[in-house]
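Below, the structure written as structure tokens:
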């Protein structure tokens with residue numbers, strides 16, 4: 238069976254709908270009787286809540302309901318820990334997760350205090366101004382080092398300080414390596430905070446149909462299955478009663494896989510309570526403090542080298558800003574800790590991080606999910622080493638690459654998937670060589686750069702090498718079906734935020750079943766269409782879901798061949814599938 | 007981010023618009039292009055009780071020559087019209103050169119010069135240009151009308167000399183004399199962002215090639231548009247060469263008081279002001295020598 | 067459901083009857099003064115192809131044609147559109163079967179991933195190419211400068227515009 242489609246350039250199945258404005262995004266959902274939500278959010282980073290008076294807001298014309306933490310009753314609870322900490326000996330972890338609406342205190346600007354439900358978003362925003370909140374400001378914990386001082390204000394008072402986690406992982410013996418080294422370089426590196434800012438902000442529409450006993454939720458989530466499971470549990474419903482749909486989503490980039498955001502927990506509850514569909518769309522201003530962020534680390538790193546630039550060991554002590562809560566466990570700093578090692582032989586490694594609670598929005602994975610922090614530190618150390626040892630920057634990297642015959646290569650320390658960080662394969666030097674040739678590295682350094690410098694222009698070139706662990710488990714699934722009308726459909730549990738799944742997965746099915754790519758009808762991210770999975774994140778969709786699609790399609794292919802063989806009374810090997818039909822090889826008309 | 011409630015009136019005439027403004031004063035705002043006003047309303051930073059839409063007043067838009075030496079631009083003239091207008095290109099080269107730097111094409115399709123000047127953002131290009139050209143602005147109200155010199159019009163960040171019942175209806179700028187040159191340069195982090203610093207420079211030469219008058223204006227260099235008086239005066243009376251340019255650039259750096267912001271520190275703004283001034287004077291001078 | 071835009075008895079709101087032509091079809095509606103044009107198109111007329119990204123005129127996702135000029139619909143009120151003609155992305159295709167060359171070029175050059183910024187870009191470039199049918203790359207980039215995209219990195223969008231210009235000239 239030749240691979241006709243997979244890997245060939247192709248037009249996307251989904252483009253026509255997107256180009257003609259016919260693709261459904263969450264804010265496009267319109268339901269009869271729908272009410273609109275707006276959240277009142279703290280404008281202080283850290284404060285005790287003395288009182289919240291929603292009387293005037295409730296009395297405003299057009300307002301349907303106003304809720305605070307108290308109104309949620311026993312439903313109010315801190316969110317679940319999404320990723321438990323990996324089993325690393327000696328590590329410390331304090332779980333403190335976000336709450337649906339603030340109670341007693343607020344811990345970051347933007348933390349929701351109350352929700353208004355009204356006939357329109359316009360009216361809901363009017364009513365926000367009616368709510369009277371008395372907050373007693375507390376000192377804001379912002380700087381990572383100051384946060385660890387004994388007298389620092391505490392983000393979570395039931396803890397002794399602001400340490401959210403402390404993890405040390407080692408390999409070999411760094412102290413001994415340092416003692417042997419010809420050259421040691423130490424530096425401090427800062428990596429600043431950032432927001433993902435997809436052009437589509439977050440949003441949710443929840444519709445509780447009391448007569449059908451069914452909750453339908455449209456959400457800009459990257460993980461509809463997990464959301465369905467969690468909402469069903471929280472609301473005391475069976476999973477079958479909850480349908481989560483991630484329709485077309487305007488960019489995810491990570492923060493849309495954070496789950497059980499306050500709004501995601503409150504809106505479905507309110508929909509059931511009011512028995513009305515409710516829509517909440519995050520506006521751009523809210524996005525900057527209501528959606529999770531990333532970055533915010535300070536590294537004190539040291540590299541010990543031989544005089545010819547070979548790494549003997551690295552030591553890194555870093556602080557990680559986890560924000561006011563830590564629902565995502567240790568994923569981000571563990572990624573930093575592990576990805577620092579890169580494609581290099583680092584025989585001795587001593588890495589310690591302290592995750593710190595601060596009065597800032599929560600930090601969860603965003604594009605890189607902490608890996609880039611580790612890469613930044615390693616690559617800067619190597620660049621500095623190259624300069625001090627008078628080596629070319631590409632050369633120092635070459636000297637430290639894991640050689641191609643050393644795979645699988647075990648870095649020993651524990652990665653975010655709870656297993657020791659092991660690279661299954663790699664052949665790095667030819668990749669570097671090819672990249673350098675393609676960009677004209679030698680010529681740039683020898684000719685272009687000096688020429689530009691003589692003109693007073695400082696133009697540089699950067700070289701960075703890293704290894705990214707993708708294809709994170711645990712699993713994904715797919716259902717491939719040949720319908721009674723001969724059309725092929727595919728459903729998988731992950732969602733799509735622009736990755737092209739409607740086409741790439743169709744290509745996989747088309748190759749197995751001999752149909753046109755454009756004839757494979759693909760559904761992603763609808764828990765009624767496919768019931769289980771994890772989500773779209775960490776560069777895993779094509780690897781994990783794609784393989785599930787392929788396996789499912791193979792089974793269907795076998796069924797087709799078996800049925801056809803019975804029909805034609807021939808052997809399966811005599812059959813071929815192409816252009817949507819099964820035929821007997823060499824026998825026209827069959 | 008939805009605006010607070012307001013009443014809306016589409017003005018049928020200038021008289022009606024002025025009448026409503028006189029009745030409501032600061033509680034009413036004129037809606038022209040809306041490219042500055044509506045964002046502030048969506049953020050609820052501005053909550054007028056009444057919005058007077060003056061877009062229907064097409065008589066308040068347009069460019070015409072006035073008295074041979076001046077050009078009058080209606081306040082409601084959109085940037086896009088100015089970009090395409092040949093009178094503007096020929097007679098107001100300084101303004102013409104600045105137009106592509108203003109925001110983005112979609113903003114320029116709606117934004118008006120009057121709206122921009124009345125908004126008086128210190129980082130905006132138009133106030134600096136109007137100040138550099140020593141223009142004057144026409145304010146009308148039910149009480150009558152008056153012309154306000156540019157130097158008196160801009161009174162601080164986001165504030166002008168307009169009374170609560172006045173509307174800016176026209177701006178008059180001197181047509182570029184022969185044997186003069188103009189240059190507008192700005193540096194911004196990205197195309198369309200507010201300038202880190204913008205410099206507007208005109209140079210007028212006499213028959214012997216000596217500078218008769220130079221004017222240097224800057225945007226984002228203070229809490230309003232800045233006219234660098236000392237630097238401008240330093241160029242008058244002599245030939246403009248490298249030494250004179252360097253001195254003028256240094257004077258500009260000492261005359262301005264930039265505020266610094268997240269995009270650029272005060273020191274950087276000051277440095278850039280010097281660099282851009284030097285380039286602008288040199289270019290304006292060359293153009294003056296070539297005859298525009 | 068225009069109930070969303072009609073005011074209740076709040077003191078300061080008022081409503082206006084407007085007639086606006088969108089994609090060639092006249093619509094008569096009653097709108098609250100403060101209803102943004104973007105919301106009017108999306109929710110009152112259910113032409114949800116125009117997207118909202120920032121509501122302060124920065125991202126360009128809400129761009130539509132207003133009397134032929136590309137404008138940010140989040141910075142206009144529906145009431146201002148009375149008597150005017152608007153074209154949205156839903157009005158771009160030639161018919162049910164045939165996409166506009168701009169849409170085809172975007173598809174052929176992979177100028178979209180999530181597609182959220184795409185309608186705004188299409189309308190911006192429609193107006194631009196109508197006026198500048200033979201743009202060079204610098205002009206294309208300048209014309210696109212008011213539209214943000216977080217997925218593609220813009221390169222394919224620029225290529226799509228150049229391709230569209232070429233095809234439109236044929």
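Chains as they are written, first to last, in the working numbering: chain A, 238 to 827; chain B, 7 to 298; chain C, 67 to 236.
Heads up, the beta-carbon is just placed ideally off N, CA and C, and yes, glycines get one too.
Check your understanding: Taking C-beta to C-beta, are residue 673 of chain A and residue 623 of chain A nearer than 7 angstroms?
Key -> no
Review point. Can you name the residues of chain B whose CB is closer than 7 angstroms to the CB of residue 367 of chain A?
Key: Result: empty, since nearest Cβ-Cβ is about 12 angstroms, beyond 7 angstroms.
Review point. Does the Cβ of residue 493 of chain A have 16 or more other Cβ atoms within 10 Å, making it buried, or fewer, making it exposed?
Key: buried
Exercise for review: Let me know if residue 189 of chain C comes out buried or exposed under the rule of 16 or more other beta-carbons within 10 Å of its beta-carbon.
Suggested key: buried
Practice item. Take residue 468 of chain A and list the residues in its own chain whose beta-carbon comes closer than 6 angstroms to its own, dropping the five residues that flank it on each side. Key: 479 and 505
Practice item. Give the DSSP-derived three-state secondary structure of residue 27 of chain B in the structure shown. Key: helix
**Study point:** Proximal chain F residues relative to residue 174 of chain C, where beta-carbon distance stays under 8 angstroms
**Key:** Going by chain labels, chain F is absent from the structure shown, which instead holds the protein chains A, B and C.
Review point. Mind checking whether residue 205 of chain B and residue 283 of chain B have CB atoms under 7 angstroms apart?
Key: yes
Review point. How many angstroms separate the CA atom of residue 61 of chain B from the CA atom of residue 92 of chain C?
Key: 21 angstroms
Check your understanding: Is residue 806 of chain A buried or exposed, if buried means 16 or more other CB atoms sit within 10 Å of its CB?
Key -> exposed
Exercise for review: Below 6 angstroms CB to CB, which residues in the same chain sit around residue 541 of chain A once its five sequence neighbours on both sides are set aside?
Suggested key: 414, 415, 418, 421, 549 and 550
Practice item. Mark residue 201 of chain B as exposed unless 16 or more other C-beta atoms lie within 10 angstroms of its C-beta, in which case mark it buried. Key: buried
Check your understanding: Name the chain B residues whose beta carbon is nearer than 7 angstroms to that of residue 277 of chain A?
Key -> In chain order: nothing, as chain B lies at least about 13 angstroms away.
Practice item. Specify whether the segment 181-193 of chain B and the segment 209-218 of chain B touch according to this definition: at least 3 beta carbon pairs, one from each stretch, less than 8 angstroms apart. Key: yes
Practice item. Answer yes if the segment 201-219 of chain C comes into contact with the segment 510-526 of chain A, meaning at least three C-beta pairs across the two stretches below 8 angstroms, and no otherwise. Key: no
Practice item. Check whether the Cβ of residue 141 of chain C lies closer than 7 angstroms to any Cβ atom in chain B. Key: yes
Review point. Going by beta carbon distance, what residues of the same chain come within less than 6 angstroms of residue 453 of chain A, once the five residues before and after it are set aside?
Key: 444 and 480
Point to revise | Which of helix, strand or coil DSSP assigns to residue 295 of chain B | key: helix
**Study point:** Rounded C-alpha distance that separates residue 428 of chain A from residue 629 of chain A
**Key:** 26 angstroms
Check your understanding: To which residues does DSSP link residue 210 of chain B through a beta bridge?
Key -> B:186 and B:219
Exercise for review: Under 9 angstroms between beta-carbons, which chain A residues line up against residue 164 of chain C? List them in chain order, please.
Suggested key: By Cβ distance, chain A contributes nothing, its closest Cβ being about 11 angstroms from residue 164 of chain C, past 9 angstroms.
Practice item. Determine the contact status of residue 24 of chain B and residue 37 of chain B, defining contact as a CB-CB distance below 7 angstroms. Key: no
Check your understanding: Can you list the residues of chain A that residue 159 of chain C reaches, using a CB-CB cut of under 7 angstroms?
Key -> 257
Check your understanding: residue 102 of chain B CB to nearest chain C CB: under 7 angstroms?
Key -> no
Exercise for review: Give a yes or no on whether the minimum CB-CB distance between residue 359 of chain A and chain B is below 7 angstroms.
Suggested key: yes
Check your understanding: Who are the Cβ neighbours of residue 142 of chain C in its own chain at under 6 angstroms, not counting the five residues just before and after it?
Key -> 103
Review point. Does any residue of chain C bring its CB to less than 7 angstroms from the CB of residue 85 of chain B?
Key: no
Check your understanding: Since residue 536 of chain A and residue 425 of chain A are thought to touch, with beta carbons under 8 angstroms apart, how far apart are those beta carbons, to the nearest angstrom?
Key -> 7 angstroms
Exercise for review: State yes or no: is the C-beta of residue 350 of chain A within less than 7 angstroms of the C-beta of residue 339 of chain A?
Suggested key: yes
Review point. Residues of chain C with CB under 8 angstroms from residue 451 of chain A, in chain order?
Key: Within 8 angstroms Cβ-Cβ: nothing; residue 451 of chain A doesn't reach chain C, min ~22 angstroms.
Practice item. For residue 198 of chain C, return the contacting residues in chain B, with the cut-off set at a CB-CB distance below 7 angstroms. Key: Result: empty, since nearest Cβ-Cβ is about 11 angstroms, beyond 7 angstroms.
Review point. Can you tell which of A:750, A:730 and A:754 has the C-alpha that lies nearest to the C-alpha of residue 741 of chain A?
Key: A:754
Exercise for review: Please list the partners that residue 146 of chain C has in chain B, where partner means a Cβ-to-Cβ separation under 9 angstroms.
Suggested key: 14, 16, 37, 40, 59 and 61
Check your understanding: Whose C-beta lies closer than 6 angstroms to the C-beta of residue 47 of chain B among residues of the same chain, with five residues either side of it excluded?
Key -> 9
Practice item. For residue 132 of chain B, count neighbouring Cβ atoms within 10 angstroms of its own Cβ and tell me buried if that reaches 16, exposed if not. Key: buried
**Study point:** Rounded C-alpha distance that separates residue 11 of chain B from residue 55 of chain B
**Key:** 7 angstroms
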